[in-house]
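Notes follow once the structure below has been shown.
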Amino acid sequence: MIIIDIHEPSDIPELLRRKGAQIRIRKLDVADYIIGDIGIERKTFHDFFRSIIDKRIFTQLERLRDSFKKPLLLLEGDLQEALYTVQNPNAILGGLLSVVIDMDIRVVYSRDKEDTVNILFLLWRRIHKEGKASVPRFKPRIMSKRERLLFILEGFPGIGHRLAENILNHYGTIRNFAVTNLSELMSVEGIGEKKAREIIELLTLDYRKLRKTHKEEESHA
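If you read the sequence shown in the working numbering, its first letter stands for residue 1, the second for the next number, and so on.
The following block contains the structure:
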């Protein structure tokens, strides 16, 4: 699905939904959009110009490059028109060259917000059609301890970012969560009986038995 940062314009997720894309909104520390292994930083040209002046863009893009296999900068607006509004257009063009050549980050241009939605949708559909809709969960190369704890819990069925936070607020540690029982798990906000049973089943499964069963099935295949 397309993972969207909570600070992005609210109409973009709605337009993507209307097109049929699967989306998820959450707080992202790196990137504005995540599609598979693609991390996308979206900026209007006005924002891009300001971030070049204060050097913020290069720090953001370094983190993007370090966190994703395929970093992408999406610039929204009319470049030529925007260049007329700045005193030193060569500084802006030089910044663009640094992004592409020095940082080795691809740049995609979008005319407006509607064009941005189309680009995001086409990227999502391309991954979806290639049979990569169920890509592995995104794991940034740089993660805080808090992010690691949330990432572990988000691997369980039906547990998203918000529910993972509810669980950690309730249990405090992964160890406490791992030895929970059904009734206590159901007391966590957002977890019903069905989801609780699925989680308990995973927590108590013996991997060695599953591995043995799998080998036996392979030998009879």
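Beta carbons are placed, not taken as given, at the ideal position from N, Cα and C, and that holds for glycine.
- Item | Alpha-carbon spacing of F177 relative to I25, whole angstroms | Approximately 25 Å between the Cα atoms of the pair.
- Task: Work out the CA separation of R56 and A164 for me, nearest whole Å.
- Result: 31 Å
- Indicate the three-state DSSP secondary structure (helix, strand or coil) for L116 in the structure shown. The identity of residue 116 in the sequence shown is Thr, whereas the question assumes Leu. In this structure, T116 counts as helix in the three-state DSSP scheme.
- Ends of the beta strand (DSSP E) at S110? According to the DSSP assignment, S110 belongs to the beta strand (DSSP E) that extends over 106 to 110.
- Nonlocal neighbours in the same chain, by C-beta distance under 8 Å from G190, ignoring five residues either side: R162, L163, N166
- Message: Pop quiz: A31 and I40 are said to be a contact at Cβ under 8 Å. What is the actual Cβ separation, rounded to whole angstroms?
- Response: 6 Å
- Excluding five sequence neighbours on each side, which residues of the same chain lie with their C-beta closer than 6 Å to the C-beta of D158? Going by the sequence as given, residue 158 is Gly instead of Asp. Taken in chain order, the residues that qualify are K195.
- Who are the Cβ neighbours of I160 in its own chain at under 8 Å, not counting the five residues just before and after it? A quick correction: the sequence has Gly, not Ile, at residue 160. Only R24, R26, E154 meet the Cβ criterion.
- Query: Per DSSP, which one or two residues make a beta bridge with Y84?
  - Reply: Answer by DSSP bridge pairing: none, since Y84 is not bridged.
- Using 8 Å as the threshold, is the stretch 43 to 59 in touch with the stretch 3 to 13, meaning 3 or more CB pairs across them? no
- Give the straight-line distance between the Cα atoms of D206 and N169, rounded to the nearest whole angstrom. 27 Å
- Identify whether E189 lies in helix, strand or coil by the three-state DSSP scheme. Look at E189 here: in three-state DSSP terms it is coil, with no helix or strand label.
- Message: In whole angstroms, give me the CA-to-CA distance for I53 and L96.
- Response: 12 Å
- Task: Compute the distance between the beta-carbons of S110 and L83, then report whether it is under 8 Å.
- Result: It is not a contact, given that the beta carbons lie outside the stated cut-off.
- Message: Check this for me: beta carbons of I2 and A21, under 8 Å apart or not?
- Response: yes
- Message: Please return the same chain residues whose Cβ sits closer than 8 Å to the Cβ of S187, not counting the five positions on each side in sequence.
- Response: H170
- Message: By alpha-carbon positions, which one of F121, T180, S67, I152 ends up nearest to R18?
- Response: F121
- Are the Cβ atoms of L73 and V117 separated by less than 8 Å? no
- Item | Length-filtered (3 minimum) beta strand (DSSP E) runs lying within the stretch 145 to 192 | none
- Near I89, what residues of its chain come up, given a Cβ to Cβ distance below 8 Å and the 5 sequence neighbours on each side ignored? It is worth fixing the name first, because residue 89 is Pro in this sequence and not Ile. Apart from sequence neighbours up to five positions away, the residues of its chain that approach P89 with a beta-carbon distance below 8 Å are L83, ordered along the chain.
- Starting from G39, trace the alpha helix (DSSP H) both ways and give me its first and last residue. Not the alpha helix (DSSP H): G39 falls in the beta strand (DSSP E), residues 38 to 44.
- Task: Take E62 as the anchor and find which of T85, D102, R50, F151 has the nearest alpha-carbon.
- Result: D102
- Message: Looking at P71: is its Cβ nearer than 8 Å to the Cβ of I105?
- Response: yes
- Would a C-beta distance cut-off of 8 Å place V99 and I92 closer than the cut-off? no
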